[in-house]
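Under the numbering used here, the first residue of the sequence shown is numbered 1, with each subsequent residue one higher. C-beta atoms are modelled at their ideal positions from N, C-alpha and C, and glycine is treated no differently. Bear in mind the structure is a predicted one, so any value in this text is a computation, not a measurement.
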Amino acid sequence: MRYYLSKKKVRGRIYWYAQRNVWTPKGSRVAEQIYLGNADTILKAMKGEGTVSLKTYRFGRTAAILSAAEDLGLRGIVEKTIDKRKGYGFEELMLLVPTGKFEHRTSKLDIVDWYSRAYLSHYFDLPNKISEESIYRMMDKVDYKVQEKIGEELAKRLMEFGISPSIIVLDTTNFATNIEHGEEIPQKGHSKEGKNEQNLIGLALAITPQNIPFIWDTYEGCKNDAKVFPDIVNAIVERLKKLMIKTEDIVLVFDRGNNSKKNVDLVQIKMHMIGGLKRNQAKNLYDIPVSDMEFLYETSKENKIFGCKTRGMFFGREFACVVTYNEASMLRQSRGFEEQKRDIIERLTQIDKSLERTGRGRKLSVTGALRKANDSTHKNFRSLVKMWVSDGKFYWKWNNEKEEFIKKTFGKQALFTDLHDWSAKEIAITYNRKSVIESDFKMMRNSLVFSIPPVGHRKDGRIKSHVFLCLLGILLYRYAIWKARHLGITEDKFLDALDEIQVSLVSDKTNKAYWVVNQMDATQA
C-alpha cells in the first residue's frame, strides 16, 4: 500500500496526513487517512517528544449514527420497550447493523468482522465477544410489536424537533432474494428489478417532508401495490392518531400504481390526497399541448417544469387536475423508447428468419415463435406490437397510432387531488417529492449504503427485523442530514466530510495512551 502526504488548512493552520486512495466508480476516493499533526507535532515526534499515533480509525459515519441515536433518545426508547431480562446491550446490538451497513458492510458476518477491528468495539460497552449469533438473538427478540413501539416513540421524538408529517409520501417496492424455501414473505411476483425468477420481499414506505421514514411495512413479494395500499394507509392513520395528529390535515402523496376506486375512497375519508393518473385513465389530459402550459418552477437539477390546472372526473368524483411537462424527462424517455423499439424489432426480425431457416437441426415452430416473441417483448411495449398466427404462419405488426399517442405523453405527468384551492405549482412540487423516496429505494438496493439485499433469512420474523434495522439506519442518517441542513451542503459533500473524520490512539513520552479526535474543519465539527 502506497501512502503520500496531504495537507489541510484549518483556521489558518496547516495539518498533515498520511493518505491512501482507492479508485471507485465515482473516481478516486480516500481509503485511509492517518493524522500526523502540524509541523511542530511532527518534529516533536521525530525527536521523541510529544505524542505518537499508535492506531487511527475512520469514525465519521459511525459518529453520525451514534449522535442521531443520542439526540432521538434511542437508548431510553429501547430500555422502555425491551424487557431488560432479555439481555444486555440491546441498543448497541441494534445500532451495530445500521452502522456496519453505513460503513459499507453488507452481511452480518462482514459486520461482525468490521466491528472487531473498528473503533466502535472500544466505544461500545458490550461484555462479550460479538458473533453472528449475538445479532440473530437480538433480531429474534426485536419482534414486530417491539418494532412498532420503537417506530412510534421515534416519531414522537422527531416531532419534538419540529419534524411533523404534514405531508406523507407513500410508495412501494420489492427486493429480489436468494431465499428458496422461506415462510410466507418470500414469494415470486412482479420484480421491479426484472428478477421474476427469484423470490421477492415487498416494502411499503411512508416518509415525511424531511425525507425521514415515518412508517413502513414488509409484506409478501407476490402482493401488488394496490392490494397492499389499504393496509399501509390504515397503519399511517393509526400512527397519526397515536401521535395526536389530525388526519384531516394530512396530505398523502401516492403513485398511480395504487389507483382504484376503493383505494381513493379510503384515502378521501381519512386524508387529503395527491395522486398520479395512468395514460389510459386520463387520455384527454395527456393530449393537452405544451403550448397551453405555463412555467411553474425549476427543479434542483435546473430542469424547467411547465404545467396547467383543470378539472376532471375520476374514480366516480370530481378532482382538481394538473398536467406537468419536463423537457429533460421527455428527451430521456424518447431515447429509451427508441432503443427498446429497435431491440424489439430486431428480435422479431430474427424470429422471422429462424422460421424461414432451412437445413439440419430442429426448426422453431410457429407457436414457439409466438411464445418467444411475446416473452422477449417488455410488458410496457406489448400494446404496441400485434402478434398472431394464421394459416400456420407467424405475423407481427407495429401499432404506429399507439406509438404516436405514447410519444405525446413523454415528459408529462397527469395528477389529481382533492385540494381544489392549491395552485398548479403547489400540487406539482408536492407530488414530485415522490422522487426522493424513489432515490431512497435505489439507496436500499446499493450494496454500499444501508442496503436491504442480500436477504439470507428464511424466517419471516428475521426478515422483518432485518428490514427494520436497515430502515432504522436510514432514519438516523436522514435525521443527521436534516440536522446539518444549515451548512447548505449536498448529500455527497456531507458523506465526504464524514469520511475524513478520524479518531486516533496516541501515546506521549510517558507511554500513556489515550484517544483523540483528529483535527476537524468547521463543517465536520
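According to DSSP, what are the bridge partners of LEU252? For this step, residue 252 is matched to residue 252 along the sequence shown. Under DSSP, LEU252 takes part in a beta bridge, and its partners are ILE168 and MET273.
Span of the alpha helix (DSSP H) around MET313: The count along the sequence shown starts at 1 and reaches residue 313 at position 313. No alpha helix (DSSP H) contains MET313, which is instead part of the beta strand (DSSP E) from 304-314.
Taking the straight line between their C-alpha atoms, what separation do you get for THR409 and GLY276? Residue mapping note: residue 409 aligns to position 409 of the sequence shown, counting from 1. Residue mapping note: residue 276 aligns to position 276 of the sequence shown, counting from 1. C-alpha separation (whole angstroms): 13 Å.
Evaluate the contact criterion for the segment 306-324 versus the segment 260-270: three or more CB pairs, one atom per stretch, below 8 Å. Contact holds between the segment 306-324 and the segment 260-270, because three or more Cβ pairs, one in each stretch, are under 8 Å apart.
How should TYR349 be labelled, buried or exposed, when 16 other C-beta atoms within 10 angstroms of its C-beta is the threshold for buried? Here residue 349 refers to the residue found at position 349 when the sequence shown is read from its first residue. The amino acid at residue 349 is misidentified as Tyr; the sequence shows Thr. Classification of THR349: exposed, given that the 10 Å Cβ count is below 16.
In the segment 441-485, which residue ranges form an unbroken alpha helix (DSSP H) of at least 4 residues, counting only runs that do not cross its ends? For the alpha helix (DSSP H) assignment, the uninterrupted runs of no fewer than 4 residues enclosed by the segment 441-485 are, from N- to C-terminal side, 460-483.
Of the choices ALA206, LYS241, HIS181 and TYR119, whose alpha-carbon is the least far from that of THR56? If you number the sequence shown from 1, residue 56 lands on position 56. Nearest C-alpha to THR56: TYR119.
Whose C-beta lies closer than 8 Å to the C-beta of ASN284 among residues of the same chain, with five residues either side of it excluded? Translated into positions along the sequence shown, residue 284 becomes position 284. Here ASN284 has GLY312 as same chain residues with Cβ atoms under 8 Å from its own Cβ, once five neighbours each way along the sequence are excluded.
May I have the straight-line CA-CA distance separating SER334 from ILE406, to the nearest angstrom? Here the question's residue 334 lines up with position 334 in the sequence shown. Here the question's residue 406 lines up with position 406 in the sequence shown. Approximately 10 Å, taken between the alpha carbons.
What do you reckon, are the CB atoms on ILE212 and ILE163 nearer than 8 Å? Counted from its first residue, the sequence shown places residue 212 at position 212. Counted from its first residue, the sequence shown places residue 163 at position 163. Contact flag set, yes.
Mind checking if LYS397 is an interface residue toward chain D, Cβ cutoff 8 Å exclusive? In the structure shown, chain D does not exist; there is a single protein chain.
Helix or strand or just coil, what does DSSP make of GLY37? Your numbering for residue 37 matches position 37 in the sequence shown. Residue state, collapsed to three classes: strand.
Across which residues does DSSP place ILE437 in a beta bridge pair? Position 437 of the sequence shown holds residue 437. DSSP lists no bridge partner for ILE437.
Helix, strand or coil for ALA118? Go by DSSP, reduced to three states. Taking the first residue of the sequence shown as position 1, residue 118 is located at position 118. In this structure, ALA118 counts as coil in the three-state DSSP scheme.
Mapping DSSP to helix, strand and coil, what is VAL517? On the sequence shown, residue 517 is found 517 positions in, with the first residue counted as 1. DSSP places VAL517 in strand when its eight states are reduced to three.
Does LEU158 come out as helix, strand or coil in the three-state DSSP assignment? Taking the first residue of the sequence shown as position 1, residue 158 is located at position 158. Note: LEU158 maps to helix in three-state DSSP.
GLY100: buried (16+ other C-beta within 10 angstroms of its C-beta) or exposed? Locating residue 100 in the sequence shown gives position 100, counting from the first residue. Buried.
Using CA atoms only, rank isn't needed, just tell me which of ILE82, TYR35, VAL78 and GLY76 is closest to PHE59. Sequence index remark: in the sequence shown, residue 59 carries index 59 (1-based). Closest by alpha carbon: TYR35.
Should the segment 463-473 be called in touch with the segment 193-212, which here means at least 3 C-beta pairs below 8 Å? Using a C-beta cut-off of 8 Å, the segment 463-473 makes contact with the segment 193-212, since at least three inter-stretch Cβ pairs fall below that distance.
Does the beta-carbon of PHE161 have 16 or more other beta-carbons within 10 angstroms, so that it is buried, or is it exposed? As a first step, residue 161 is located in the sequence shown; it is residue number 161 there, counting from the start. Taking all protein chains shown into account, PHE161 has fewer than 16 neighbouring C-beta atoms within 10 Å of its C-beta and is therefore exposed.
From which residue to which residue does the beta strand (DSSP E) around VAL389 run? In the sequence shown, residue 389 corresponds to position 389, counting from 1. 385-390 is the span of the beta strand (DSSP E), which, as asked, contains VAL389.
For the alpha helix (DSSP H) that LYS129 lies in, which residues bound it at each end? Taking the first residue of the sequence shown as 1, we reach residue 129 at position 129. In this chain, LYS129 is not harboured by any alpha helix (DSSP H), its DSSP state being neither H nor E.
From this set, LYS156, ASP421, LYS108 and HIS122, which residue's C-alpha is nearest ARG137's C-alpha? Taking the sequence shown and counting its residues from 1, the one referred to as residue 137 is at position 137. For ARG137, the nearest C-alpha among the options comes from LYS108.
Compute the distance between the beta-carbons of PHE102 and TYR477, then report whether it is under 8 Å. Along the sequence shown, read from residue 1 onward, the residue named residue 102 stands at position 102. Along the sequence shown, read from residue 1 onward, the residue named residue 477 stands at position 477. In this structure, PHE102 sits near TYR477, with a CB-CB distance shorter than 8 Å.
Separation of THR299 from PRO209, as counted between CA atoms: Along the sequence shown, read from residue 1 onward, the residue named residue 209 stands at position 209. Along the sequence shown, read from residue 1 onward, the residue named residue 299 stands at position 299. Straight-line spacing of the CA atoms in PRO209 and THR299 works out to 16 Å.
Can you name the residues that DSSP bridges to ILE215? Taking the first residue of the sequence shown as position 1, residue 215 is located at position 215. In the DSSP output, where bridge partners are listed per residue, ILE215 has ALA206.
Which of helix, strand or coil DSSP assigns to PHE175: Here residue 175 refers to the residue found at position 175 when the sequence shown is read from its first residue. DSSP places PHE175 in strand when its eight states are reduced to three.
Tell me the DSSP bridge mates of LYS145? Within the sequence shown, the letter at position 145 stands for residue 145. For LYS145, which the question treats as bridged, DSSP gives no partner whatsoever.
The segment 340-349 touching the segment 371-378, judged by at least three CB pairs closer than 8 Å: Touching, per the Cβ criterion.
With respect to the beta strand (DSSP E) encompassing PHE381, which residues constitute its N-terminal and C-terminal limits? Residue 381 sits at position 381 when you count from the first residue of the sequence shown. Unbroken run through PHE381: none, as it is neither H nor E.
Residue from ILE429, ALA68, HIS486 and TYR123 with nearest C-alpha to LYS304: Taking the first residue of the sequence shown as position 1, residue 304 is located at position 304. Residue ILE429 is the option with its Cα nearest to LYS304.
Alpha carbon to alpha carbon, what distance is there between ASP460 and SER504? As a position in the sequence shown, residue 504 is number 504, starting the count at 1. As a position in the sequence shown, residue 460 is number 460, starting the count at 1. Roughly 41 Å separates the two Cα atoms.
Range of the contiguous alpha helix (DSSP H) that encloses LEU96: In the sequence shown, counting from the first residue as 1, residue 96 sits at position 96. Counting along the chain, the alpha helix (DSSP H) containing LEU96 begins and ends at 90-102.
Are ARG462 and MET139 close, meaning C-beta to C-beta below 8 Å? For the purposes of this step, residue 462 is identified with residue 462 of the sequence shown, where counting begins at 1. For the purposes of this step, residue 139 is identified with residue 139 of the sequence shown, where counting begins at 1. Taking 8 Å as the cut-off, the beta carbon of ARG462 is found closer than this to the beta carbon of MET139.
Same chain, Cβ closer than 8 Å to ILE14, five either side skipped, listed in chain order: In the sequence shown, the residue the question calls residue 14 occupies position 14. These residues qualify, in order along the chain: LYS7, LYS8, ASN38 and ALA39.
Spell out the partners DSSP gives SER28 in its beta bridges. As a first step, residue 28 is located in the sequence shown; it is residue number 28 there, counting from the start. Paired residues: TRP23.
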